[in-house]
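Visitor: If you're matching them up, the sequences are chains Z and D in order.
Counted from 1, the first sequence has number 1163 at position 197 by this note's numbering; the numbering is strictly sequential.
Counted from 1, the second sequence has number 1346 at position 71 by this note's numbering; the numbering is strictly sequential.
Note that beta-carbon positions come from the ideal geometry of N, C-alpha and C, so glycine has one too.
Sharing a structure here in structure tokens format.
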Amino acid sequence: MLTHKKTNVEKLAENLGNEPIAGRSLWRDAMHRFSRNKAAMAGLVVLGLIVLFAAIGPFVAAWHYSDIDWSLMGNAASAGQPSIANGHYFGIDDLGRDLFARTVQGSQISLLVGTIGALIAVVIGTLYGATAGYFGGRVDSIMMRTVDILMSIPYMFFLILLLVMFGRSILLIFIGIGAISWLEMARIVRGQTLSIKNKEYIEAAIASGVRPFKIVLRHVVPNLLGVVIVYATLLVPQMILTESFISFLGLGVQEPQTSWGALINDGAGTMRYGTLWQLMFPLGFFIATLLSFFFVGDGLRDALDPKDR
Amino acid sequence: MTEHTQADTLASPTRTREKLLSVRDLKVYFDIFPKGAMPWTKPRKLKAVNGVSFDLYEGETLGVVGESGCGKSTLARAVIRMLPVEGGEVVWLGQDLAPLKDKAMRNHRKDIQMIFQDPLASLNPRMTIGQIIAEPLETHYPDLSRAEVKERVAEMMKTVGLLPNQINRYPHEFSGGQCQRIGIARALVLKPKMIICDEPVSALDVSIQAQVINLLMSLQKKMGLSLIFIAHDLSVVKHISTRIMVLYLGNVMEVADSADIYRQPRHPYTQALISAVPIPDPKIERNKEVILIEGDLPSPINPPSGCVFRTRCPRAEAKCAEQKPELIFAQGTHQVACHFHD
Ligand SMILES: Nc1ncnc2c1ncn2[C@@H]1O[C@H](COP(=O)(O)OP(=O)(O)O)[C@@H](O)[C@H]1O
Ligand code: SF4
Ligand SMILES: [Mg+2]
């Protein structure tokens, strides 16, 4: 018995020296810090719920977003309030269409505009900025002066002009928003790349003969990712806001499709008839999403770069 | 060119070891643009390394000493071709590396490795220790199997005094001294012939410095390495160096065997540096005369004429401003660049 125990202890002692200890990566540290940030976690939960709403909403809705409820048309103010009984959970809009279905549809469009705009910014901005920053010199000057020039164009004016000229289309909005959103990202990424490029671990990689492409992939990009992720989460609400503003001007998505901005526009227009729900539902989603993104972005920044504060 | 042949023929006859590295009249200049310069203004040249020559033999350690900003790191980076060379030769085993393209240079990189000043900053924070040490292996031997790489990495970790079970941890989980051991493991994993250590202990606690230096010395003996060991003060290089080269403002002031330079420094600058090294015996320490070097390091953009040290030299005369002293053999292998050397 005694000898048996002893060998066990010996085994344990041996294993203590051999079993690899799991390291704490910076990502895990960041996730841990993030999970302790209450506002950011709340934001994440709210965002999750809103995405869920946009995804399964069409199956829950009793009506299609373009169908008009003829029985209620014309008396939205008196009979169109939110009601479980007739299937209009969020009430109806001014034309007698189901507001729940329309809010679901608007959420889909707005979230899509936000994420696709941010995605374009991430891909183009990161590649462009990292290239300019890593190669430096003349390449860098030309690329960044181009960004400066593009940035000096009053782009909202430009976008509105495009929409007026070519007609309203969701594709044009995607292109317009995406084409502009990457500029700031490129600048941020370039700045970050410049500082990473001079780090000793890059020098160490060059000194041991690692190829430039591999250096960018293994050493530059992973160290850029934190900044890119934070900025991307803050870009999504910016994109949503831009789209909403365009929709608010009446130049956004085409009927019967809609977006939060368009719904808010409609709701604001009919507010004085006493149909407050037509404003409040889309506005609620809109504000909840923006705030959540800001909280999440802020939480990510704190979590990924604790030295900053 | 004449200096070149002179140095070659005068190389010590007592040395029978193979000459690994031979640097001749190496020049590294940086373009400096004044603040707010227009794109078309001509840059000014900062002569960070201005005509340095030295040799490195198999198994020996060359200590490189000089004040901060005198061009030590620039010299190291130019030797391993991380910086473009303005002029001169870097002959590695008979081949000049200076004109090589990046691609051709990459093949030599497994023989020449480097250890950096800031141990933590020289390790990618997003990679595990295992990935960091394995990277040079994977770069130069892409055919090695995963198991082989892992085995070699673990073996290397043991060699430098790290527990192999730390393989999956990240740099920020280690102390400065341990990080430097990781850096050393990365440099050694390819079994190089030469390692350039750029102030490898300057960022470490004094108690850790000795450990790292001792580790480097024992590894050198075990693996037959040649070292270029850079430091900003003489006391650090004393134990480890076979020979010592003293730099000032991108120029070589003195090169001699380690014992020689301590016993009989011939250049006024070296003499001042050595007088500042503390002596363990308190009696001698109290009575010794410290030669103070007054004034600041001149700017390498606008170096003094003639001898670069003349603005701070206690022995400077008119000739020093007119004529640049050549690096000559004062006695045996002891080289010095001064018109009025001892
Ligand atoms: N990339 C660079 N661009 C311009 N000047 C540089 C650069 N690197 C170093 N220098 C200058 O070259 C000189 C030597 O620097 P360095 O080799 O780092 O000195 P040391 O390592 O001896 O402290 C300094 O005057 C420094 O300002
Ligand atoms: S050459 Fe002149 S200035 Fe230079 S170290 Fe010798 S004595 Fe001093
Ligand atoms: Mg240095």
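If you draw a straight line from the C-alpha of T1224 of chain Z to the C-alpha of T1403 of chain D, how long is it?
Guide: Cα to Cα, the separation comes out at about 49 Å.
Visitor: When burial is assigned at 16 or more other CB atoms within 10 Å of the CB, is P1624 of chain D buried or exposed?
Guide: This structure gives no information on residue 1624 of chain D, because the portion of chain D shown stretches from 1276 to 1617.
Visitor: Under 8 Å: does the beta carbon of C1345 of chain D sit that close to some heavy atom of ligand 4?
Guide: Among the ligands present in this structure, namely ligand 1, ligand 2 and ligand 3, ligand 4 is not found.
Visitor: Does ligand 2 have a heavy atom nearer than 8 Å to the CB of F1604 of chain D?
Guide: No, Cβ of F1604 of chain D sits at least 8 Å from all heavy atoms of ligand 2.
Visitor: Per DSSP, which one or two residues make a beta bridge with V1530 of chain D?
Guide: Answer is D:M1520, D:Q1610, bridged to V1530 of chain D.
Visitor: Kindly give me the distance between the Cβ atoms of D1060 of chain Z and Q1244 of chain Z, rounded to whole angstroms, as I take these residues to be in contact under 8 Å.
Guide: Their Cβ separation, rounded to whole angstroms, is 7 Å, which keeps D1060 of chain Z and Q1244 of chain Z in contact under 8 Å.
Visitor: Please list the partners that F1604 of chain D has in chain Z, where partner means a Cβ-to-Cβ separation under 8 Å.
Guide: In chain order: nothing, as chain Z lies at least about 33 Å away.
Visitor: What does a CB cutoff of less than 7 Å around Y1055 of chain Z pick up in its chain, not counting 5 residues either side in sequence?
Guide: Closer than 7 Å at Cβ, skipping near neighbours: P1048, F1066.
Visitor: Select from the segment 1416-1428 of chain D all residues with a C-beta closer than 9 Å to any C-beta belonging to chain Z, and list them in chain order.
Guide: So the list is empty, because no residue satisfies the distance condition.
Visitor: Starting from L1337 of chain D, follow its DSSP beta bridges and name the residues at the other end.
Guide: Beta-bridge pairing links L1337 of chain D to D:I1503, D:R1518.
Visitor: Quick check: is the beta carbon of P1439 of chain D nearer than 9 Å to any beta carbon in chain Z?
Guide: For P1439 of chain D, the answer is yes, since a Cβ of chain Z falls inside 9 Å of its Cβ.
Visitor: From this set, D:D1393, D:I1457, D:R1401, D:S1348, which residue's C-alpha is nearest A996 of chain Z's C-alpha?
Guide: Per the Cα distances, D:R1401.
Visitor: For a test of your reading of the model: does the CB of G1326 of chain D fall under 8 Å from any non-hydrogen atom of ligand 2? Yes or no.
Guide: Checking every heavy atom of ligand 2 against the Cβ of G1326 of chain D, none is found closer than 8 Å.
Visitor: Buried or exposed for E1474 of chain D, please, with buried defined as at least 16 other CB atoms from any protein chain shown within 10 angstroms of its CB.
Guide: By the 10 Å Cβ count, E1474 of chain D comes out buried.
Visitor: How about M1520 of chain D: is its Cβ closer than 8 Å to a heavy atom in ligand 2?
Guide: For ligand 2, not one heavy atom lies less than 8 Å from the Cβ of M1520 of chain D.
Visitor: Measure from the C-beta of A1170 of chain Z to each C-beta in chain D and report whether the shortest distance is under 9 Å.
Guide: It does; some Cβ of chain D falls within 9 Å.
Visitor: Please report the straight-line C-alpha distance between A1605 of chain D and K1425 of chain D, rounded to a whole angstrom.
Guide: Approximately 51 Å, taken between the alpha carbons.
Visitor: Under 8 Å from any heavy atom of ligand 1, does the C-beta of T1349 of chain D make it?
Guide: The answer is yes for T1349 of chain D.
Visitor: Is I1470 of chain D near ligand 1, going by C-beta to nearest heavy atom under 8 Å?
Guide: No, ligand 1 has no heavy atom inside 8 Å of this Cβ.
Visitor: Checking the sheet assignment: what are the DSSP bridge partners for G1362 of chain D?
Guide: Beta-bridge pairing links G1362 of chain D to D:K1302.
Visitor: Given a cut-off of 9 Å on the beta-carbon distance, is the pair R1184 of chain Z and V1176 of chain Z in contact?
Guide: In contact: R1184 of chain Z and V1176 of chain Z (Cβ atoms closer than 9 Å).
Visitor: Is any non-hydrogen atom of ligand 3 found closer than 8 Å to the C-beta of I1505 of chain D, if you look at the structure I gave you?
Guide: Because some heavy atom of ligand 3 lies under 8 Å away, the Cβ of I1505 of chain D counts as near it: yes.
Visitor: In chain order, what are the residue ranges of uninterrupted alpha helix (DSSP H) at least 4 long that sit wholly in the segment 1368-1423 of chain D?
Guide: Runs of the alpha helix (DSSP H) inside the segment 1368-1423 of chain D: 1377-1383, 1404-1415.
Visitor: Is the distance from the Cβ of M1389 of chain D to the Cβ of A1462 of chain D below 9 Å?
Guide: Yes, they are a contact pair.
Visitor: Any contact between the segment 1259-1266 of chain Z and the segment 994-1012 of chain Z? By contact I mean 3 or more CB pairs, one from each, below 8 Å.
Guide: Touching, yes, given that three or more Cβ pairs across the two stretches are closer than 8 Å.
Visitor: Under a three-way DSSP split, which group does C1582 of chain D fall into?
Guide: Coil.
Visitor: Is R994 of chain Z near R1444 of chain D, with beta carbons less than 9 Å apart?
Guide: Their beta carbons are not under 9 Å apart, which means R994 of chain Z does not touch R1444 of chain D by this criterion.
Visitor: Quick one: give me the first and last residue of the alpha helix (DSSP H) that V1202 of chain Z is part of.
Guide: Per DSSP, V1202 of chain Z belongs to the alpha helix (DSSP H) from 1187-1214.
Visitor: Let me know the secondary structure DSSP gives C1595 of chain D once reduced to three states.
Guide: Helix, per DSSP.
Visitor: Tell me the DSSP secondary structure of I1115 of chain Z in three-state form.
Guide: Three-state result, I1115 of chain Z: helix.
Visitor: Assess, as a yes-or-no matter, whether the segment 1345-1356 of chain D is touched by the segment 1521-1532 of chain D under the definition of 3 or more beta carbon pairs within less than 8 Å.
Guide: The segment 1521-1532 of chain D, when compared against the segment 1345-1356 of chain D, does touch it at the 8 Å Cβ threshold.
Visitor: Starting from the beta carbon of Q1388 of chain D, find every residue of chain Z whose beta carbon is closer than 8 Å, and list them in chain order.
Guide: Neighbours of Q1388 of chain D on chain Z, chain order: A1173, S1174.
Visitor: Starting from D1396 of chain D, find everything on chain Z with Cβ-Cβ shorter than 9 Å and list it in chain order.
Guide: Reading the sequence as shown, one finds Ala at residue 1396 of chain D and not Asp. Simply K1165, E1166, Y1167.
Visitor: Would you please verify whether the beta carbon of H1447 of chain D is less than 9 Å from any beta carbon of chain Z?
Guide: Closer than 9 Å to some Cβ of chain Z, the Cβ of H1447 of chain D qualifies, so yes.
Visitor: State yes or no: is the beta carbon of E985 of chain Z nearer than 9 Å to at least one beta carbon in chain D?
Guide: Chain D contact via Cβ: present.
Visitor: Have a look at Z:A1098, Z:I1162, Z:G1250, Z:S1032 and flag the residue whose alpha-carbon is nearest the alpha-carbon of V1113 of chain Z.
Guide: Closest by alpha carbon: Z:A1098.
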